[in-house]
Amino acid sequence: MQIVYKNTNGEQVVLGQQPPFLVTSKKGFAQVDNVITKQTQYGLDGSILINQQLDDKELEIEGEFIASDSSDLENKKTQLASIFNPKLAGTLTYFPDNGGVYYLDVLVEKFSMNESSTNLSQVYSINFLSLDSYWVDKNQADKLIPLSTLKKNLTFPLRISTGFTFAVRSSNNIQTIVNDGDVSVGMVVILEFTGEVTNPKVLNVTTGEYFRLENTYKVGEIIRIVTLRGEKEVLLTTRDGTEKNNLEFWDEDSIFLQLDKGNNFFQLQADSGSENMIGTVRISPKVLGV
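Under the working numbering, think of the first position of the sequence shown as 107, with each following residue one higher.
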C-alpha cells in the first residue's frame, strides 16, 4: 500500500509501509456518507423523502517518520509542514495492494505532529477534505472511445481502380460507451472535421437527449465539448490553431450529456456532412470507495 500526495506547488511526498514516512492507519478511504433530507407530516407515521446526496469525503492519515539523526528529523518536519501547507490544494493518489490506482483532489484541513516517540522518529497526522465524493480510477481514466467507425472496402480478389478507397469512415453508427464506475460522469467529446459539416449533433440513443451546435464547420477545424463537473465548455480550434468559445452556437434544447453507469449508446449526426466527422469520447470513471 502506498499513498502519494502532491500539492499545487508541485511538491510531493510518498507515504506507505516503507521508511521514512510510514502510515500506521488511514480512515475515510472507503467511507461514503449519505445526507438524507426528509420531512414529517402531521398525523402520518414516518417521513417523506425530499432528497439525498453524498457528503464531502473526509480522510485521515496517521503515521510516523524515521530520521537518521536529529538534523535529519528537523529537516523532515520542515519538509512535511511545507508540503501539507493548508493554504495549498493537492491531489491524493492511492495505490492499494490489489494493483489499483485511484486519485482525488483534496484540501488539507489539518496537519499536526505530536511528541516524538524517540529521538529519531516523529508521529504525524493529516486530515483531508475532498469536495468530490468519488475517487477516479486512474487505470480507467482518460479512456478514448471512438464515435466513428471504418467500413473496409477490401474484397478479394482485390481490384484497385481509379478512385478506389480502402475504407470509408462512418459516423452515423450507434456506438456503445461503457462506464465501469459507480456513478454517472461527464466526458470530453472531440469532433474533427475532414470536410464541411452543418449542425453537428451527438445523440444519446437511449434517452433522446443530445447536444447540437447550430453552425457550419470546415475541414481541419476541431470542436471540443466538455461536460465534466465544473468544467463545462464548447471550444473551437480553427485551422490556424486559434481557439474560440463556441457556446453561442449551442442549440437551446441541448444539454451537457452525462454517461450513466453501464452501457451508453451514442450516435453522431449532422444536417449535412456527417460522414466528414471523426468523433472521440474521453471518459474517467469514478468509484465510491477504495
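Ideal Cβ positions, reconstructed from N, Cα and C, are used throughout, including at glycine.
Simplified DSSP state of residue i, which is helix, strand or coil
i, result
"S239", "coil"
"L394", "coil"
"L194", "coil"
"E320", "coil"
"F372", "strand"
"F355", "helix"
"T143", "strand"
Where the beta strand (DSSP E) through residue i begins and ends
i, result
"V170", "Checking the displayed sequence, the identity of residue 170 turns out to be Glu instead of Val. Where E170 is concerned, the enclosing beta strand (DSSP E) stretches over K163 to I172."
"I109", "Q108 to N113"
"E339", "E339 to T343"
"V214", "Y208 to M219"
"L128", "F127 to K133"
"N310", "K307 to N310"
"T282", "I280 to N285"
"P252", "K249 to P252"
"F299", "V294 to F299"
"N351", "E349 to N351"
"Q118", "Q118 to G122"
"I361", "Note, I361: premise wrong, no beta strand (DSSP E); not H, not E."
Residue-chain proximity (residue i, chain C), Cβ-Cβ < 8 Å
i, result
"N220", "You won't find chain C in this structure, because it holds only one protein chain."
Distance between residue j and residue i (C-alpha atoms, nearest Å)
i, j, result
"K183", "S227", "10 Å"
"K367", "V393", "11 Å"
"S131", "L198", "16 Å"
"D211", "L150", "43 Å"
"K338", "L179", "46 Å"
"E215", "D243", "24 Å"
"N233", "F217", "6 Å"
"E298", "V207", "31 Å"
"R335", "I389", "12 Å"
"N157", "T146", "13 Å"
"I296", "I283", "15 Å"
"G314", "S360", "10 Å"
"G385", "V325", "14 Å"
"E170", "N115", "24 Å"
"D357", "R318", "5 Å"
"M134", "F201", "A quick correction: the sequence has Gly, not Met, at residue 134. About 15 Å."
"D248", "R330", "15 Å"
"L253", "E168", "46 Å"
"S290", "L365", "5 Å"
"T300", "L128", "54 Å"
"G287", "W241", "10 Å"
For residue i, the first and last residue of its enclosing alpha helix (DSSP H)
i, result
"T333", "Careful: T333 lies outside any alpha helix (DSSP H) and carries neither H nor E."
"S380", "Element bounds for S380: n/a, residue is neither H nor E."
"L179", "S176 to I189"
Buried or exposed (CB count within 10 angstroms, at least 16 for buried), residue i
i, result
"L353", "exposed"
"F371", "exposed"
"M107", "exposed"
"E60", "What is shown of the chain runs 107 to 396, which leaves residue 60 out entirely."
"T143", "exposed"
"Y148", "exposed"
"V303", "buried"
"S153", "exposed"
"K193", "exposed"
"A376", "buried"
"I280", "exposed"
"S177", "exposed"
"P391", "buried"
"Q246", "buried"
"G379", "buried"
Rounded Cβ spacing between residue i and residue j (contact assumed at less than 8 Å)
i, j, result
"I328", "T312", "Wrong, their Cβ atoms sit about 27 Å apart, outside the cutoff."
"L374", "T333", "Not really, about 16 Å apart at Cβ, beyond 8 Å."
"D161", "D175", "Not quite, the Cβ-Cβ distance comes to about 44 Å (not below 8 Å), so this is no contact."
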